[in-house]
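> Attaching a single structure in structure tokens format; questions to follow.
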Amino acid sequence: MRYRGTLTQWNDERGFGWIEADGGGERLFVHISAFEPRPPAEQRPQPGLRLEFAVGMEQGRKRALQVAWRAGGSVPQARSSSVRRNSPSAGRLQSSRTQPQGWHASSSFSYGVLLVWLLLMLAAAVIWGVPRILWLVYAGLSMLTFMAYWQDKWAAQKGQWRTPEKTLQTMALAGGWPGALLAQQWLRHKSSKTSFQLQFWLMVLINVTAALWLCSPYGRHVLA
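Here it is, written out as structure tokens:
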């Protein structure tokens with residue numbers, strides 16, 4: 001039996017949420033893997049989304065199964081979704097969703113930031129000298145952070161457990177932000193979410209300021 005309802009809560013980091021059926025009753029747990037077809041990484045479920053679903057039991061609790069998106073009061077089928085994606089208007093809509101907007105980091109801006117950072121670090125190396133450990137920290141954490149972004153995007157596409165945004169931001173703050181910046185551009189991941197980008201650039205500012213302070217005569221004793 002099929003039911004209709006509204007997605008009332010969604011945790012995109014962990015890939016699950018809750019549905020309130022039109023007929024009332026208890027809320028139903030829903031996991032991203034139950035969506036048919038699976039939502040693309042660029043179009044995540046949002047509270048207020050209308051859904052059609054079946055109800056089943058798993059691990060002793062009710063949960064929504066075979067969840068279908070509902071647009072304009074109808075349930076899109078896989079074939080019609082494919083047709084919409086291949087139509088010119090759908091292509092323009094999808095393109096507008098995936099392109100960064102406003103102040104979001106474009107490729108040129110991101111690479112410009114990396115270039116400015118490298119010039120600042122080279123200037124610090126000439127004037128004060130940059131400890132080798134600092135270069136190693138940036139290189140190592142950047143590689144780890146890039147891999148974390150890749151794993152998170154893969155998990156989003158497969159409906160698996162996501163890497164918490166707090167973890168990604170902490171890695172950026174610790175020195176992995178160059179790798180995060182490259183991952184955002186090359187993988188097209190986390191580059192258009194405003195709240196995430198605000199926090200990310202704050203982490204970059206704090207890290208660069210701290211690194212330059214550590215290289216200066218005022219903070220060099222910390223690394224000595």
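In the UniProt record's numbering, the protein residues as written are 1 to 224.
Even for Gly, the Cβ is constructed at its ideal location relative to N, Cα and C.
Computed from a predicted model, the values in this text were never measured in an experiment.
1) Alpha carbon to alpha carbon, how far is residue 167 from residue 134? Give it in angstroms, no decimals.
2) For the beta strand (DSSP E) holding residue 29, just list the boundary residues, first then last.
3) Can you pull the DSSP bridge partners for residue 54?
4) For residue 173, which residues from the same chain have a beta carbon less than 7 Å from its beta carbon, with the 5 sequence-adjacent residues on both sides left out?
5) Helix, strand or coil for residue 75, going by three-state DSSP, please let me know.
6) Beta strand (DSSP E) containing residue 9: first to last residue?
7) What is the rounded straight-line gap between the Cα of residue 107 and the Cα of residue 128?
8) Here's the rule: buried if 16 or more other CB atoms are within 10 angstroms of the residue's CB, otherwise exposed. What is residue 184?
9) Give me the Cβ distance between residue 179 and residue 143, rounded to the nearest whole Å; I'm assuming they're in contact under 8 Å.
10) In chain order, what are the residue ranges of uninterrupted beta strand (DSSP E) at least 3 long that sit wholly in the region 143–188?
11) With three or more beta-carbon pairs closer than 8 Å as the criterion, would you say the region 39–57 touches the region 5–23?
12) Suppose the cutoff is 7 Å on Cβ atoms and the five residues either side in sequence are ignored; what does the same chain contact list for residue 182 look like?
13) Would you kindly work out how many angstroms separate the C-alpha atoms of residue 121 and residue 15, rounded to a whole number?
Straight from the coordinates:
1) 21 Å
2) 28–31
3) 65
4) 203, 206, 207
5) Note that residue 75 has pLDDT 39, beneath the 50 cutoff, so the model's placement of it is unreliable and no number is given.
6) 3–11
7) 31 Å
8) buried
9) 6 Å
10) none
11) yes
12) 146
13) 39 Å
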